[in-house]
Structure formats: structure tokens, C-alpha cells
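Numbering (my numbering), first residue to last: 134 to 321.
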Ligand code: ZN
């Protein structure tokens, strides 16, 4: 369909919670195509609808390697049905060009969602894989949460944001995750 503009950190709508999809209509199918086109053009691993200015609960992921065939995955109205463990994830985001920092994530997650045809499915991603990270990262976008809200080292995040002319970490949006932090610190 179309490659869309990816909104950058600092845009107010990235902080807005997104609405449920009531019907996987042709409008939603077009949105999915735009998300995939945009994600592939930007060489991203995932992209959520609010990142292209559409506040619906839809995201796409493709964790296939460079020499593997494309493997687009579509998640509509996703919900985590299980979360456990913790690990330190080094992450970036298409809304934060060139910024990478370490964040706290669950190590194992199980998600339930609808696919691009409106069929329900359940997917497990265990062991802190790229998919485990991407599911949590993209899901967060639907709640207006950004990866830097989970940052382990705020100074490091701020330094990288400043270097790339992006606003600083929003202290009021930081998420306190003592259990995750404790488990990560214990393992390191
Ligand atoms: Zn992102």
C-alpha cells in the first residue's frame, strides 16, 4: 500500500493509549499493509500503529534474519496471558533513530491476539529472544508506553537522546519495576 511517516519521540500522540479494533475491516487490513511496508522500508523488527499516527491496537513484527524469507506477523487487540522471568534487553525504536539503551523486560511471554484475517491465535516467546523483546516493545506502544520508560540507566538514555536531538527521558513516565530489576541484578 504505502510507506508512511514514522512519528518521532516528542510527538504527543505517541503517548496516547490506542483503541481496540472492533472489526478487522478493509481499513484495518490497509493499515496492516502500511505498517508492514513502512517497517520493511525502515529495516525495523516491529512497528505499531500509533507510530504512524493511527491510534488502534495493531502492531506488526518480523524477526526473520537477513538471509531468511520474510515472516510478517500481525497482532490485533493483543493481550499478554502470561509473563515471567526478567532480562536486560538492549533496544532501539524507529521513533528514536540511532538511540539504543538497556531496558528491563520479562524473559518469557505468551500473547493472544487476532491475525490479519481476524482469527484468534496464541504465541509463546520464551528465553529473552528478539521476539520476546519485540512483543513487549510493540505492545507498549499501544498503551502510549515507550522503551525508555523501562530504562535501567537514565543517564545513559539521556546522553543518547541528547546526541540525537531528541527530548530527554520523561521522568513522570518512568516505570518502576523492582521485581524485574532485582532479578536482572541477581543474574549479572
Ligand atoms: Zn518502538
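Note that the Cβ used here is the ideal one computed from N, Cα and C, for glycine as well.
Can you tell me where the alpha helix (DSSP H) holding residue i begins and where it ends?
i	result
residue 347	Since the first and last residues shown for the chain are 134 and 321, residue 347 lies out of range.
residue 161	159-174
residue 317	311-320
residue 308	Here residue 308 belongs to no alpha helix (DSSP H), and DSSP marks it neither H nor E.
Hey, quick one: how far does the beta strand (DSSP E) through residue i stretch, first residue to last?
i	result
residue 238	229-238
Once the 5 residues before and after residue i are set aside, which same chain residues still bring their CB inside 7 Å of it?
i	result
residue 258	242, 264, 265, 268
residue 186	140, 146
residue 232	225, 293, 294, 297, 299
residue 171	136, 137, 139, 180, 185
Using a threshold of 9 Å, state whether the C-beta atoms of residue i and residue j are closer than that.
i	j	result
residue 220	residue 275	no
residue 207	residue 256	no
residue 251	residue 136	no
residue 211	residue 246	yes
residue 289	residue 307	no
residue 287	residue 209	no
residue 194	residue 202	no
Give me, in chain order, the residues of the same chain whose beta-carbon lies closer than 8 Å to that of residue i; leave out the 5 immediate sequence neighbours on both sides.
i	result
residue 291	301, 302
residue 149	183, 188, 277
residue 152	188, 189, 190
residue 253	245, 246, 247
Report the partner residues of residue i according to the DSSP bridge assignment.
i	result
residue 322	The structure shown does not extend to residue 322, since the chain spans only 134 to 321, so no value can be given for it.
residue 244	213, 256
residue 220	238
residue 152	189
residue 284	236
CB-CB under 6 Å to residue i, same chain, minus the five flanking residues each way: which ones, in chain order?
i	result
residue 213	242, 244
residue 313	219, 237
residue 216	239, 242
Give a yes or no on contact between the region 175-189 and the region 233-253, applying the rule of three or more CB pairs nearer than 8 Å. no
Quick check: the region 254-272 against the region 134-152, are at least 3 beta-carbon pairs closer than 8 Å? Remark: fewer than three beta-carbon pairs, one from each stretch, lie closer than 8 Å, so the region 134-152 and the region 254-272 are not flagged as touching.
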